[in-house]
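A.B. asks: One structure is given below, represented as C-alpha cells, and several questions about it will come after.
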C-alpha cells in the first residue's frame with residue numbers, strides 16, 4: 003500500500019502559502035496566433051507556471067538553502083527507497099511539568115533554545131519527540147544515539163486536518179516550530195531526511211537566523227559557509243500533509259523531487275508499507 007503525503011499544487015486555485023508571497027499561478031503561452039489553451043481555441047494546452055517552491059507547496063530543500071555556495075538538491079538527494087518512521091507530535095504553548103532543564107524554554111521575547119519565542123507561539127520540544135519515537139521504536143536515549151534502522155523522520159503535528167492543504171502562514175498565523183534541543187536530538191538520532199507538515203522548522207519570522215536549519219545541516223550559527231562536517235546529503239521537506247488515517251510507524255519513503263538544479267524543488271513524498279502475507 004502507498005500513501006502520497008504531498009500537497010497537490012493547484013495553480014490559480016486554493017493552495018498553501020507561507021510569508022504572504024505571490025500565489026502559484028499559470029497562464030497560457032501566447033505567441034502570434036498561438037494560444038496555449040484549448041478552451042480559447044488553441045490546439046494544445048501550453049502554459050507558463052510561476053511559483054515559489056519554498057512557499058507555495060510541498061518542497062524538499064538541501065543545505066544550499068543557507069549557503070553562499072550554490073548546492074543543488076538534485077545532487078544531494080541520492081537515496082531512492084528510504085527507511086522511515088512516522089510519528090505524531092503535539093506542539094506545546096506552555097512549559098511541560100516538570101520543566102526539562104535541557105529544553106531551555108525561553109520566556110516571551112527572550113532569546114532561548116528555540117530562537118526568539120514569543121507569547122502564544124507553539125513549539126515542538128525534545129521530550130515530545132522522545133516520547134513519540136519511543137512509542138514506535140522502543141526506548142530512545144536522549145543523547146548519543148545513532149539510529150540504525152530509519153534514515154527519515156516524518157512528523158505529523160497536532161491538531162491535524164485537511165485545513166493544512168490551504169493554510170496561509172504569516173505574521174497573523176505563526177505555525178509551530180522546533181526548539182534547538184529538539185533539532186539536535188533529530189540529528190543525534192541519525193536522521194538524514196526530515197519531513198514536516200509545517201512551512202519551516204524554524205520560526206517563520208526569526209530575523210533570518212534559521213538556527214534549526216543550521217543545526218540540522220551542521221552549519222555554524224550565523225555562517226553561510228559549509229565545513230567538513232556539514233551534512234550535504236541531508237534534506238528537509240516542508241508543507242507535507244499526513245492524513246489521520248495513516249498510522250504512526252515504520253515505512254519505506256520514496257522521496258520524489260523535480261530535477262531542479264537549485265537548493266529547493268517541488269517534491270512528492272510517498273510512503274510504502276511492507277506487504278503482508280495472506
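Residue numbers (our numbering): 3 to 280. Yeah, the Cβ is synthetic: ideal placement off N, Cα and C, and Gly gets one too.
1. Beta-carbon within less than 7 Å of residue 93's beta-carbon, same chain only, minus the 5 sequence neighbours each way: which residues are those?
2. Verify the CB distance criterion: does residue 201 have a CB-CB separation below 8 Å to chain C?
3. If you follow the beta strand (DSSP E) that residue 203 is part of, which residue opens it and which one closes it?
4. Does DSSP classify residue 11 as helix, strand or coil?
5. Under the three-state reduction of DSSP, which class applies to residue 59: helix, strand or coil?
6. DSSP has residue 240 in a bridge; who is on the other side?
7. Could you tell me which of 195, 260, 232, 174 sits nearest to residue 83, measuring between CA atoms?
8. What are the start and end residues of the beta strand (DSSP E) that includes residue 157?
9. Looking at the secondary structure, which residues open and close the beta strand (DSSP E) in which residue 6 lies?
10. Report the three-state DSSP secondary structure of residue 233 (helix, strand or coil).
11. In terms of residues, what are the limits of the alpha helix (DSSP H) holding residue 186?
12. Given a cut-off of 8 Å on the beta-carbon distance, is the pair residue 269 and residue 239 in contact?
13. Can you list, in chain order, the residues of its chain whose CB lies under 6 Å from that of residue 21, leaving out five sequence neighbours each side?
14. What residue does the alpha helix (DSSP H) around residue 76 start on, and which one ends it?
15. What three-state label does DSSP hand residue 49 in the structure shown?
16. Could you tell me if the beta carbon of residue 65 falls within a distance shorter than 7 Å of some heavy atom in the ligand NAD?
17. Of the choices 135, 263, 225, 203, whose alpha-carbon is the least far from that of residue 87?
C.D. replies: This is what the structure holds:
1. As a working note, residue 93 is residue 91 in the chain shown. Result list for residue 93: 124, 125, 126, 159, 178, in chain order.
2. In the structure shown, chain C does not exist; there is a single protein chain.
3. Taking the chain shown and counting its residues from 1, one reaches residue 203 at position 201. It is not in any beta strand (DSSP E) - residue 203 carries neither H nor E in the DSSP assignment.
4. Against the chain shown, residue 11 aligns to sequence position 9. If DSSP states are grouped into helix, strand and coil, residue 11 belongs with coil.
5. Locating residue 59 in the chain shown gives position 57, counting from the first residue. In the structure shown, residue 59 sits in coil (DSSP, three-state: anything other than H, G, I, E or B).
6. In the chain shown, residue 240 corresponds to position 238, counting from 1. In DSSP, residue 240 forms a bridge with 61.
7. Here residue 83 is taken as the residue at index 81 of the chain shown, counted from 1. Nearest in C-alpha terms to residue 83, of all of 195, 260, 232, 174, is 195.
8. Within the chain shown, numbered from 1, the residue matching residue 157 stands at position 155. 154 to 159 is the span of the beta strand (DSSP E), which, as asked, contains residue 157.
9. The residue given as residue 6 occupies position 4 in the chain shown. Per DSSP, the unbroken beta strand (DSSP E) holding residue 6 starts and ends at 4 to 6.
10. One-based indexing of the chain shown puts residue 233 at position 231. Coil at residue 233, not helix or strand.
11. Reading the chain shown from its first residue, position 184 is the one you call residue 186. DSSP places residue 186 inside the alpha helix (DSSP H), whose first and last residues are 182 to 190.
12. The sequence position of residue 269 within the chain shown is 267, counting from 1. The sequence position of residue 239 within the chain shown is 237, counting from 1. Contact flag set, yes.
13. Within the chain shown, the letter at position 19 stands for residue 21. Short of 6 Å from the beta carbon of residue 21, and not among the five residues preceding or following it, lie these beta carbons of its own chain, in chain order: 57.
14. Here residue 76 refers to the residue found at position 74 of the chain shown. Element bounds for residue 76: 75 to 78.
15. The residue given as residue 49 occupies position 47 in the chain shown. Looking at residue 49 - three-state DSSP - the assignment turns out to be strand.
16. Looking for the ligand NAD in the displayed structure turns up nothing, as the structure carries no ligands at all.
17. Locating residue 87 in the chain shown gives position 85, where the first residue counts as 1. Minimum Cα distance to residue 87 is reached at 135.
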